[in-house]
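Asks:
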Amino acid sequence: MGWGGVAVLVAVLAVAYSAARRANAYETELLVLEAELAGCAEWSADVAGDVAARYAEQVQQLRSMLERAQLEPEDLHPHRERAAPRPRAIPRVTNLTFAEFFHEYACSQTPVIVTDVAHNMRADGSGLWTTDEIVAACPELDVPLRKYDKASGLWGGLADTSLRRSLASFAAARSRAGNEWFVFDASLKACKAFVDDFAALPYFANDYYRRLPPDAPKPGWPSLFMGPAGATTAVHIDAYGTAFWMTVLDGAKEWLIAPPAAREHLYYDALKQSFAPGLDLFDLDLAAFPLAGHVELLTATLVPGEWLFVPAGSPHAVRNLAPTTALAGNFIDAANHAHALDVMAREKAGSRARARRAAFAAVDTRMMVAPPAGLAWRDFNARWPASPT
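Residue numbers (the UniProt record's numbering): 1 to 389.
#1: Since A359 is in the beta strand (DSSP E), which residue starts that stretch and which ends it?
#2: How about A335 and F102: do their beta carbons lie closer than 9 Å?
#3: Would you call the stretch 253–269 in contact with the stretch 131–140, where contact means no fewer than 3 C-beta pairs closer than 8 Å?
#4: Residues bridged to S223 by DSSP?
#5: Where do the ends of the alpha helix (DSSP H) carrying S169 lie?
#6: Can you pull the DSSP bridge partners for E254?
#7: Compare the C-alpha of V248 against each of K218, L188, T115 and name the closest.
#8: Here's a check: name, in chain order, each residue in its chain whose Cβ is nearer than 7 Å to the Cβ of L96, leaving out the five neighbours to either side.
#9: Below 8 Å, how does it come out for the stretch 187–207 and the stretch 117–125: are there three or more Cβ pairs, yes or no?
#10: Mind checking G178: buried by the 16 CB within 10 Å criterion, or exposed?
#11: Could you give the distance in angstroms between the alpha-carbon of A362 and the alpha-carbon of R211?
#12: Helix, strand or coil for V32? Go by DSSP, reduced to three states.
#13: Counting pairs of beta carbons, one from the stretch 267–280 and one from the stretch 363–372, are three or more of them closer than 8 Å?
#14: What do you reckon, are the CB atoms on W221 and N330 nearer than 9 Å?
#15: Mind checking which residues open and close the beta strand (DSSP E) that includes H339?
#16: Taking buried to mean at least 16 other C-beta atoms within 10 Å of its own C-beta, is V369 buried or exposed?
#17: Taking 9 Å as the threshold (C-beta atoms), are P323 and S175 in contact?
#18: For the candidate residues L188, G127, A262, whose alpha-carbon lies nearest to that of E140?
#19: How far does the alpha helix (DSSP H) with R378 in it extend, from its first residue to its last?
#20: Ignore the nearest five residues each way along the sequence and tell me which others in D142's own chain have a CB closer than 6 Å to its CB.
#21: Can you have a look at R346 and say buried or exposed, based on whether 16 or more other CB atoms are within 10 angstroms of its CB?
#22: Taking DSSP's pairing of strands, which residues face A243 in a bridge?
#23: Do you know how far the Cα of F225 is from the Cα of P214?
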């Protein structure tokens, strides 16, 4: 390379370095603004509306500057077609102990798939349920139906609907041609036959929800997901700073997961707690969302018998590759407790939100280092364990 080439290279590196420094500064400002924007909910409606609008405008300005800063080095070569990085595979492991899971994956906010534990989620260790078994156990269970609307701008791209059906009637129509509806996060706690046969894995046995006072509101997990091929949930973050798990019973689900720090690159709206309308991780439009091209995604196709862990705060999108049934739940433990308290502190003001955060702030945070495998759900759900060791 001649001196002319060296000079060009140095100039390119200087521009890239300068852009990277500006990008880091803009991203830091965005995170600060996001925290302040969420805090607007603590004020009166009139004041919050004015301030929120001003902050939202500032966020948009900073995001535009962040785009320019990160795209400048590539603008030196406008003839090159930009492409998003190829997603990396979510690691798959076997024989994962709780200690290994907690330190290597939960604390490092790393997704993981465990391939050999799903049989332990049945009280007698006899293997996976089938869709037919769950439907037979609770055919009249009232389940909410959702539908994907890419342009809605709502959480998960899910159309707001009040449509409900019995589980048996939906299951019968699940694979009917033209069906776009799916069961999303339907609580199974009212299905006694299922709950009596369900067991908790050690990976979420330290769930702080189970240590809340008896009168504290508790979620309805485990929950059911059931839908046709093509059923999609757009990029979203699970509520209250919780981590998430899922086991597929039949079918296949394609997952894309981004690191928690990638929210701003995915055009997250802190006020609405959702991502930009039209953002599709499965078919990225880099002309409309150029920052998304800088996010390194993790991917996997989750198949029957596999257990997936999604760290708290991780943006993720999911779609069915076939008619699919899955079980899932959320949890809070020592790995994400501080994050959950921070998220809860940014909730809209209200007695319920304050009570939720106060309950989690006071929870017994001691961790069991060797939780039992296959703990019966009815025991696990009864504020267990009373005395962590």
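No residue lacks a Cβ here, since even glycine has one placed at the ideal position from N, Cα and C.
Replies: According to the structure shown:
#1: No beta strand (DSSP E) contains A359, which is instead part of the alpha helix (DSSP H) from 351–361.
#2: With respect to F102, A335 sits close: the two C-beta atoms are nearer than 9 Å.
#3: Contact fails: fewer than three Cβ-Cβ distances are below 8 Å.
#4: Residue pairing by DSSP places S223 opposite S187, A328 in a beta bridge.
#5: S169 -> alpha helix (DSSP H) spans 167–173.
#6: DSSP, once it has assigned bridges, lists T301, R319 as partnering E254.
#7: The candidate whose alpha carbon is nearest that of V248 is T115.
#8: Correct list, in chain order: V114.
#9: Touching, yes.
#10: Exposed: under 16 other Cβ atoms inside 10 Å.
#11: It is roughly 10 Å from the alpha-carbon of A362 to the alpha-carbon of R211.
#12: Low confidence applies here, because V32 scores a pLDDT of 48, under 50, leaving its location unreliable; read the following figure in that light. For V32, the secondary structure class from DSSP, reduced to helix, strand or coil, is helix.
#13: These segments do not touch.
#14: Here W221 is near N330, since their CB atoms are less than 9 Å apart.
#15: H339 -> not in any beta strand (DSSP E); alpha helix (DSSP H) instead, spanning 337–345.
#16: Counting of Cβ neighbours within 10 angstroms places V369 among the exposed residues, the total staying below 16.
#17: Yes, the Cβ-Cβ distance between S175 and P323 is below 9 Å.
#18: Cα-wise, what sits closest to E140 is L188.
#19: That run of the alpha helix (DSSP H) goes 377–380.
#20: Within the same chain, and ignoring the five residues on either side of D142 in sequence, the residues whose Cβ sits closer than 6 Å to its Cβ are R164.
#21: Buried: at least 16 other Cβ atoms inside 10 Å.
#22: A243 pairs with F331.
#23: Each residue's Cα considered, the two are about 28 Å apart.
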